[in-house]
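Presented below is the structure to which this report refers.
There are 2 protein chains.
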Amino acid sequence: MMGPAEEVSPLTLNRLSFYLRSLRHLQEQGIKRVSSQELAQRYHLSATQIRKDLAQFGEFGIRGVGYEVRHLRERLRHLLGLERTQNLVIVGVGRLGTALAAYPGFNSDGFRVVGLVDSDPAKIDRRIGGLRVRPTAELADVVRDGNAIMGVLTVPTAAAQASYDALAAAGVRAVLNFAPTQLRTTRGVRVKTVDLRIGLEELGFFLARAT
Amino acid sequence: MMGPAEEVSPLTLNRLSFYLRSLRHLQEQGIKRVSSQELAQRYHLSATQIRKDLAQFGEFGIRGVGYEVRHLRERLRHLLGLERTQNLVIVGVGRLGTALAAYPGFNSDGFRVVGLVDSDPAKIDRRIGGLRVRPTAELADVVRDGNAIMGVLTVPTAAAQASYDALAAAGVRAVLNFAPTQLRTTRGVRVKTVDLRIGLEELGFFLARAT
Chain A
1 MMGPAEEVSP LTLNRLSFYL RSLRHLQEQG IKRVSSQELA QRYHLSATQI RKDLAQFGEF
61 GIRGVGYEVR HLRERLRHLL GLERTQNLVI VGVGRLGTAL AAYPGFNSDG FRVVGLVDSD
121 PAKIDRRIGG LRVRPTAELA DVVRDGNAIM GVLTVPTAAA QASYDALAAA GVRAVLNFAP
181 TQLRTTRGVR VKTVDLRIGL EELGFFLARA T
Chain B
1 MMGPAEEVSP LTLNRLSFYL RSLRHLQEQG IKRVSSQELA QRYHLSATQI RKDLAQFGEF
61 GIRGVGYEVR HLRERLRHLL GLERTQNLVI VGVGRLGTAL AAYPGFNSDG FRVVGLVDSD
121 PAKIDRRIGG LRVRPTAELA DVVRDGNAIM GVLTVPTAAA QASYDALAAA GVRAVLNFAP
181 TQLRTTRGVR VKTVDLRIGL EELGFFLARA T
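Quick note, the sequences are listed as chains A and B, same order. If you count by this note's numbering, then the first sequence holds residues 1 to 211, one letter each, in order. If you count by this note's numbering, then the second sequence holds residues 1 to 211, one letter each, in order.
Take a look at the structure:
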């Protein structure tokens with residue numbers, strides 16, 4: 001059985017996302033059942049970890065048979081809220097915001113970019129991936145018109161807090177933040193900060209140790 | 001004392017990166033010493049986890065005094081290989097590659113983008129952030145000329161394996177991969193795959209559960 005959402009760690013959730021990708025891959029290959037051992041071997045995971053993570057959500061493989069791929073995939077999509085599409089508004093259409101507006105993962109299977117805003121007058125009315133860039137002053141309208149539930153922050157660090165506050169005031173419930181800064185959060189508006197550099201530092205650690 | 005690099009998990013390394021950011025922030029504020037409790041409170045971390053992570057690398061705070069900020073920051077920079085600059089080559093200068101070429105975190109404190117290649121003839125000789133885009137066929141030259149040790153893969157999924165193989169053949173030692181696919185790796189050329197969508201799925205889990 002699942003406890004309250006707050007008890008689930010981001011690390012567990014990130015593993016669920018990875019299991020989901022693996023299950024889609026298996027389903028595309030026509031595979032109907034998979035054991036935790038097979039899943040672990042194919043995708044370089046830990047069988048014990050898989051069983052523990054899934055049991056936390058009431059999913060238990062059958063001994064000698066494993067998990068039913070289609071069922072488990074649907075269950076994970078349900079857990080991650082991917083059954084209905086969640087609409088996103090991107091605040092800041094510099095290079096990164098422009099890249100994300102057209103990013104396949106932000107426009108498929110549960111997510112869709114429905115609005116773009118920027119504070120630079122030179123960018124207003126530009127078209128990116130079928131959407132027209134609107135002024136930041138119109139953010140509340142953009143969120144309402146697009147029925148957006150999440151914001152994506154791709155503004156300079158100095159503008160990040162004000163942009164978060166504006167998204168919160170406009171009624172979004174979650175913000176994916178690419179600015180390398182810690183935001184003061186409004187109750188009920190969760191933030192996930194993504195640091196694109198962290199993967200480089202992880203690789204750097206291993207290189208520093210390699211002979 | 002530190003064990004072999006292979007025993008350190010990516011999760012631990014990502015926490016070291018976060019501690020490093022926190023220590024820089026403290027140092028900028030003129031703070032000279034910090035306890036694990038203070039660090040934990042200020043940056044929403046776990047004091048026990050901090051002590052455990054740092055002890056793994058031979059760093060122990062002094063009871064009642066804590067850690068010396070400048071020393072610990074230098075030590076973490078050393079561990080993450082940030083003391084010398086690691087040069088990067090970006091393969092694929094679509095929207096995301098273009099964004100990363102100019103991304104501050106890829107061009108500061110230990111990292112620098114020194115080369116850009118693309119297979120699209122229309123993009124060759126374009127200038128992005130002071131660098132000229134060169135043909136993928138010249139990748140080995142670009143890596144050698146720039147003394148690059150890491151590659152960044154921002155090509156379409158279908159081109160990812162061939163681009164990884166070309167980077168490995170050109171002599172890079174690590175690859176940061178943004179293509180949503182699992183690469184067959186060459187011995188000695190580590191891969192870190194970054195999935196920009198995973199943060200959205202994490203937020204989606206909590207939204208699906210919110211009332």
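Glycine included, C-beta positions come from ideal geometry on N, C-alpha and C. Nothing here was measured: the structure is a model prediction, and the numbers come from that model.
Taken through DSSP and simplified to helix, strand or coil, Thr85/B comes out as coil. Under the DSSP assignment, Asn177/A falls in the beta strand (DSSP E) whose first and last residues are Ala174 to Asn177.
Ranked by how close their Cα comes to the Cα of Gly97/A, the residues Leu167/A, Asn177/A, Gly171/A and Leu23/A have Asn177/A in first place.
Against chain A, a Cβ distance below 7 angstroms from Thr98/B picks out Arg95. The beta carbon of Ile128/A is closer than 8 angstroms to those of Val93, Thr98, Ala101, Ala102 and Leu116 in its chain, skipping five residues each way along the sequence. A check of alpha carbon separations from Val114/A across Asn87/A, Leu80/A and Ser9/A identifies Asn87/A as the nearest. Note: Tyr67/A is bridge-paired with Val34/A in the DSSP secondary-structure output.
When 8 angstroms is used as the limit between beta carbons, Gly115/B is near no residue of chain A, the shortest such separation being about 15 angstroms.
In the DSSP assignment, Arg184/A falls outside any alpha helix (DSSP H) and carries neither an H nor an E. The beta carbon of Val175/B sits closer than 9 angstroms to some beta carbon of chain A. Interface flag for Val194/B against chain A is set, since a Cβ pair is found closer than 9 angstroms. Interface flag for Gln49/A against chain B is unset, since no Cβ pair is found closer than 9 angstroms.
For Thr154/B, the three-state secondary structure derived from DSSP is coil.
Shown here, Arg112/A sits in a strand according to DSSP, grouped into three states. Residues of chain A with a Cβ closer than 9 angstroms to the Cβ of Phe111/B are, in chain order, Arg197, Leu200, Glu201 and Gly204.
Boundaries for Val143/B: no beta strand (DSSP E) harbours it, while the alpha helix (DSSP H) harbouring it runs Leu139 to Gly146, taken from the DSSP string. Taking a C-beta distance under 9 angstroms as the contact criterion, Gly151/B and Val89/B qualify as a contact pair. If you ignore the 5 residues before and after Asn107/B, its C-beta comes within less than 8 angstroms of the C-beta of Val113 and Gly129, all in its own chain and listed in chain order.
DSSP, read as helix, strand or coil, puts Ile62/B in strand. One thing to note: Ala159/B has its Cβ within 9 angstroms of the Cβ of Ala179/B.
The beta carbon of Leu26/B is closer than 7 angstroms to those of Val34 and Val69 in its chain, skipping five residues each way along the sequence. The alpha carbon of Thr181/A has as its nearest neighbour, out of Arg209/A, Leu139/A and Pro156/A, the alpha carbon of Pro156/A. With respect to chain A, the C-beta atom of Phe60/B has no partner C-beta closer than 9 angstroms. Nearest to Arg197/A by C-alpha distance, out of Gly146/B, Ile149/B, Phe111/B and Arg197/B, is Phe111/B.
Chain order gives the chain A residues near Ser17/B as Ile198 and Glu201, where near means a beta carbon separation below 7 angstroms. Under the three-state reduction of DSSP, Pro135/A is assigned to strand. It is roughly 17 angstroms from the alpha-carbon of Leu153/A to the alpha-carbon of Gly146/A. Per DSSP, Gln27/B is one residue of the alpha helix (DSSP H) stretching across Pro10 to Glu28.
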